[in-house]
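In my numbering, the protein residues as written are 378 to 644. Take a look at the structure set out below.
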């Protein structure tokens, strides 16, 4: 059965690779990016490769939560059917360390944006009993409230690791509290050959195809329909244990409480 799949941050890297492969398989794809010209070019490129007209573009800067909300509102207004949402958009190194609200850019894009976007789309996602695939990382570090709310700014590596653990903890929370949606967190693989990794480290361990392939599998395989609330570690090739904070119910509840208080005007 063909699906309608929305992949955020899919004008580059494993998001683009996964989108291309899924379009070739005949699925309907929504490509998202922050640059309209790049989104348009990517849609045209994928549509040509896949010989399909079922590739569409969505534009929003995910460092700006107001744009995230506007995009979600437009999707709801258009009553799009979304079978799979892959929250892939993410940043590590960036020339702008904070957004306009003074949130660390990694916290804003990697955690706040998918949190706001997904919660805004829940009516649509519940209606189709969708899958939500959240891209975490092997880099996971305990979330500090002062980093979350922008009071304290730490290193790029540390804020990235905190954002990815926050995303993972929220994934477990979402799976527990929204039974109509299958929510899976995934580390797509460490040091894959993507622009983000090359900019951050100047080297890679594995092909980007490794990450794209696991996104395709988690999105579509019937085997994973009952895997809500689990964490897939693609470095190991299996579901695995994450940072211990992800299994601490008090820490998860506190994270969600803090998150809602910090971004209350967007949810």
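Cβ coordinates follow ideal geometry from the N, Cα and C atoms, glycine included. Given the structure is predicted, the values throughout are model-derived calculations rather than measurements.
Cβ neighbour criterion (16 or more within 10 Å) applied to residue 491: On the chain shown, position 114 is the one that residue 491 refers to. When all chains shown are included, residue 491 counts as buried.
Spatially closest choice to residue 425 from 483, 637, 446, 398, by CA coordinates: Here residue 425 refers to the residue found at position 48 when the chain shown is read from its first residue. Ranking 483, 637, 446, 398 by Cα distance to residue 425 puts 398 first.
Segment contact flag, the region 512-522 with the region 404-424, C-beta cutoff 8 Å, min 3 pairs: When Cβ pairs closer than 8 Å are counted between the two stretches, the region 512-522 is seen not to touch the region 404-424, the count staying below three.
Inter-residue CB distance, residue 408 and residue 440 (contact presumed, cutoff 8 Å): One-based indexing of the chain shown puts residue 408 at position 31. One-based indexing of the chain shown puts residue 440 at position 63. Actually they do not touch by this definition, with Cβ atoms about 18 Å apart.
Which of helix, strand or coil DSSP assigns to residue 394: Here residue 394 refers to the residue found at position 17 of the chain shown. It is helical.
Rounded straight-line distance, which links the Cα of residue 503 to that of residue 582: In the chain shown, counting from the first residue as 1, residue 582 sits at position 205. In the chain shown, counting from the first residue as 1, residue 503 sits at position 126. Confidence at residue 582 is low in this model, with a pLDDT of 45, below 50, so its placement is unreliable and the value that follows should be read with caution. Rounded to the nearest angstrom, the gap between the Cα atoms of residue 582 and residue 503 is 37 Å.
Beta-carbon proximity of residue 510 to residue 463, cut-off 8 Å: Walking along the chain shown from the start, residue 510 turns up at place 133. Walking along the chain shown from the start, residue 463 turns up at place 86. Against a cut-off of 8 Å, the Cβ pair of residue 463 and residue 510 comes out as a contact.
The region 525-543 touching the region 582-600, judged by at least three CB pairs closer than 8 Å: no
Among 550, 414, 454, 380, nearest to residue 404 - alpha-carbon criterion: Taking the first residue of the chain shown as 1, we reach residue 404 at position 27. Here the closest residue by C-alpha is 380.
Per-residue burial, residue 621 [other beta carbons within 10 Å of its own, 16 or more giving buried]: Indexing the chain shown from 1 puts residue 621 at position 244. By the 10 Å Cβ count, residue 621 comes out exposed.
Simplified DSSP state of residue 483, which is helix, strand or coil: Position 106 of the chain shown, counting from 1, holds the residue named residue 483. For residue 483, the three-state secondary structure derived from DSSP is helix.
Exposure of residue 564, with buried meaning 16 or more beta-carbon neighbours within 10 Å: The count along the chain shown starts at 1 and reaches residue 564 at position 187. That one is buried.
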